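Residue numbers (the UniProt record's numbering): 1 to 233. One structure is given below, encoded as structure tokens.
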Amino acid sequence: MKVKNKSLLLDILFVVTFLILLRLGFWQLDRADQKNEINQNFLERQSSLKIFDETDINEENLWGKFSIEGEFTSPNLYLDNQTYKREAGYVIYSPFLTQENKVILVNRGWHDLIEDRNELPNVKKAEDTMISGILTKVPSHGIILNTENIENINDSSIRIQRIDVDEIKEVLNIQHEIYPFVLTLEPTIDENLKRHLILPVSNSEKNYGYAFQWFAFALTLLIIFITLRKKNK
Numbered sequence: 001m002k003v004k005n006k007s008l009l010l011d012i013l014f015v016v017t018f019l020i021l022l023r024l025g026f027w028q029l030d031r032a033d034q035k036n037e038i039n040q041n042f043l044e045r046q047s048s049l050k051i052f053d054e055t056d057i058n059e060e061n062l063w064g065k066f067s068i069e070g071e072f073t074s075p076n077l078y079l080d081n082q083t084y085k086r087e088a089g090y091v092i093y094s095p096f097l098t099q100e101n102k103v104i105l106v107n108r109g110w111h112d113l114i115e116d117r118n119e120l121p122n123v124k125k126a127e128d129t130m131i132s133g134i135l136t137k138v139p140s141h142g143i144i145l146n147t148e149n150i151e152n153i154n155d156s157s158i159r160i161q162r163i164d165v166d167e168i169k170e171v172l173n174i175q176h177e178i179y180p181f182v183l184t185l186e187p188t189i190d191e192n193l194k195r196h197l198i199l200p201v202s203n204s205e206k207n208y209g210y211a212f213q214w215f216a217f218a219l220t221l222l223i224i225f226i227t228l229r230k231k232n233k
């Protein structure tokens, strides 16, 4: 009787564990489908270019592509500790004064580090008066290795650890309102800078990998269960 009870408990344990593993696998596949849908919607928004209007600056138009007329101003902002293909560097932002007399920070691209920490890559002030790009959120803080957010390197270059719109406006004495969004150039206007745009969500490759692992665990468990069953007969 005890042997039967033990066998029954093991059967129940197998079924529960097997179903959990399958559920985890299908959950990862579902997450992958959700990410694919979000990123597909993002790509579809890139197919049309809209003329910028102040009313477009809102959450509903995130990841939309816009053309804006105005002029770049100083200084360039070098966002520290940013990676591109696993290499550390800076993402360079420049204030852009729009025709509405307001400022939007423009992500001009990524540049690798140079040996001397006291110097920054030489990125000249852009002269373009008509630019196009993708409207994105202000990037999250990420890795902060320096307690001071703003370091004045020279008159035209400032190193920052995070983008704090209010702090930047105060420290740089910007008299105009700064939009709480960023325009990522598309295409880039600097040959030496790499386009640095992060998709709304990460790609689905990891989710497919995790799904494969869970299904592999479930299959392994099933094989072990069947093998033990045959031995006990």
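C-beta atoms are modelled at their ideal positions from N, C-alpha and C, and glycine is treated no differently. Bear in mind the structure is a predicted one, so any value in this text is a computation, not a measurement.
In this structure residue 26 is exposed. Its beta-carbon is surrounded by fewer than 16 other beta-carbon atoms within 10 angstroms.
Distances from the CA of residue 112 to each of 137, 72, 82 and 138 were compared; the closest alpha carbon is that of 82. About 6 angstroms separates the CB atoms of residue 195 and residue 109; that is less than 8 angstroms, so the two are in contact.
Each of 138, 19, 190 and 32 was checked against the Cα of residue 205, and the nearest Cα belongs to 32. In the three-state reduction of the DSSP assignment, residue 138 falls in the coil class, being assigned neither a helical nor a strand state. The residue from 103, 153, 41 and 186 with its alpha-carbon nearest to that of residue 117 is 153.
Where residue 225 is concerned, the enclosing alpha helix (DSSP H) starts and stops at 205-232. Residue pairing by DSSP places residue 96 opposite 72 and 104 in a beta bridge.
Counting only the Cα atoms, residue 217 lies some 47 angstroms from residue 106. Of all C-beta pairs linking the region 65-74 to the region 122-133, three or more are shorter than 8 angstroms, placing the two stretches in contact.
Secondary-structure assignment with DSSP links residue 80 through no beta bridge to anything. Contact check for residue 131 and residue 68: beta-carbon distance about 6 angstroms, within the 8 angstroms limit, so the pair qualifies. Classified as buried, residue 159 has 16 or more neighbouring CB atoms from the shown chains inside 10 Å of its CB.
For the 8 angstroms CB-CB criterion, residue 70 and residue 49 do not form a contact. Residue 165 and residue 58 have their alpha carbons spaced roughly 16 angstroms apart.
Collapsing the DSSP output to three states places residue 128 in coil. In the DSSP assignment, no residue is bridged to residue 47.
Per DSSP, the continuous alpha helix (DSSP H) segment holding residue 171 begins and ends at 165-171. Across the set 215, 228, 224 and 226, the C-alpha of 215 shows the shortest separation from the C-alpha of residue 19.
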